[in-house]
Structure formats: C-alpha cells, structure tokens
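Shown next, in structure tokens, is the structure this report addresses.
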Amino acid sequence: MANKEQEENPLADLYVDASEEDRERIRDAISGLIGIDTETAKPVLREKFSALTSKKQFTALLLYRRALLSLDELEEDETVGQDSTYFADLIGVDDSTIRHAATDLDFVVNDDEQGGYLVPPHKTHQATKWLNSGEED
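Taking this note's numbering, the leading residue of the sequence shown gets 43, the next gets one more, and so forth.
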C-alpha cells in the first residue's frame, strides 16, 4: 500500500509488524530470567529463573530458543526445537517431567522436523502471557 494511501486511510494505522511485537513479548517475558551469553549464545540462567516452577522454566527456555532464532544465533545445523533431554539437563529434572509439561501446555508442540519441542510463532503471545501470569502449573 502506498504511503499516500496510508495517510488518507484511517484504517492504515492498524498495520503492525507482528514479528517485532513477538520479539518484544519474548524480551519482556524472559529478560529477568534468562540472558544470552555474548560469546556462546548459551542461556545464562538468572536467580529469578530458579524460583520458577519447572513448567515455567521450560516455557522460558522455549522462548529463549525462539529468541535465538530471531537473533540468528542458531548454528547452521541447529533447529529451534530441542528434545526433552536438552531442557531437562538445563532445568535439572527428568526427561519425563519435560514430556509431561509439554503435554500440559497448549502452546508447546513437538515437531521432529523442527528438532523437538518448541513454541510456534503463532503461539508466542499465549506462551509469554502464561509465563508472566501468576497462574501455577
């Protein structure tokens, strides 16, 4: 749509950059929980992260993976999704805890082509909202 048309059409201000909004949501949701190491891009788990339930920790790590994708920090052969062992090792729980959490959380999918568990782009808002809510497991 041309700029002149946008200025004249009152509906033109409804245009948004959905990708930018998702990136902001992810940043706001995990900024006090997980940092990204500038050298390795590995997660730096902050003190507040350890106070979360394992489901919320899992969700934060899923969003961290989505952040890596947006920042173009995934290795060439690396996918946004990861298997249960990856998350279990970072959180310090059994693989089965991750599998159960993934089943309980509507915004998590297990996609073998994407490498395992992930939050798809269209469910980012749902995941960030749940992570920031006072809602428990």
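Every residue, glycine too, gets a C-beta built ideally from N, C-alpha and C.
Exercise. Rounded to a whole number of angstroms, what is the C-alpha to C-alpha distance between G157 and D146?
Worked result: Here residue 157 is taken as the residue at index 115 of the sequence shown, counted from 1. Here residue 146 is taken as the residue at index 104 of the sequence shown, counted from 1. Counting only the Cα atoms, D146 lies some 19 Å from G157.
For this session: Assign D146 to one of three DSSP states: helix, strand, or coil.
Result: As a working mapping, residue 146 is identified with position 104 in the sequence shown. Per DSSP, reduced to three states, the secondary structure at D146 is helical.
Exercise. Looking at the structure shown, is L75 part of a helix, part of a strand, or coil, going by DSSP?
Worked result: If you number the sequence shown from 1, residue 75 lands on position 33. Shown here, L75 sits in coil according to DSSP, grouped into three states, outside any helix or strand.
Problem set entry | Inter-residue Cα distance where the pair is M43 and L87 | The residue you call residue 43 lines up with position 1 of the sequence shown. The residue you call residue 87 lines up with position 45 of the sequence shown. Its pLDDT being 49, under 50, M43 is placed unreliably by the model, and the measurement read from it follows with that caveat. Rounded to the nearest angstrom, the two C-alpha atoms are 44 Å apart.
Exercise. Which term fits L75, buried or exposed, when burial requires 16 or more other beta carbons within 10 angstroms of its beta carbon?
Worked result: Residue mapping note: residue 75 aligns to position 33 of the sequence shown, counting from 1. Buried, because 16 or more other Cβ atoms sit within 10 Å of the Cβ of L75.
For this session: Return yes when the Cβ of I133 is within less than 9 Å of the Cβ of S96, no when it is not.
Result: Stepping through the sequence shown from its first residue, residue 96 is reached at position 54. Stepping through the sequence shown from its first residue, residue 133 is reached at position 91. Pairing S96 with I133 gives a Cβ-Cβ distance under 9 Å.
Exercise. Is the stretch 163-173 close to the stretch 125-141, with three or more CB pairs under 8 Å?
Worked result: By the criterion of at least three beta-carbon pairs nearer than 8 Å, the stretch 163-173 is not in contact with the stretch 125-141.
Exercise. Under a three-way DSSP split, which group does D125 fall into?
Worked result: Stepping through the sequence shown from its first residue, residue 125 is reached at position 83. Three-state DSSP puts D125 in coil, outside helix and strand.
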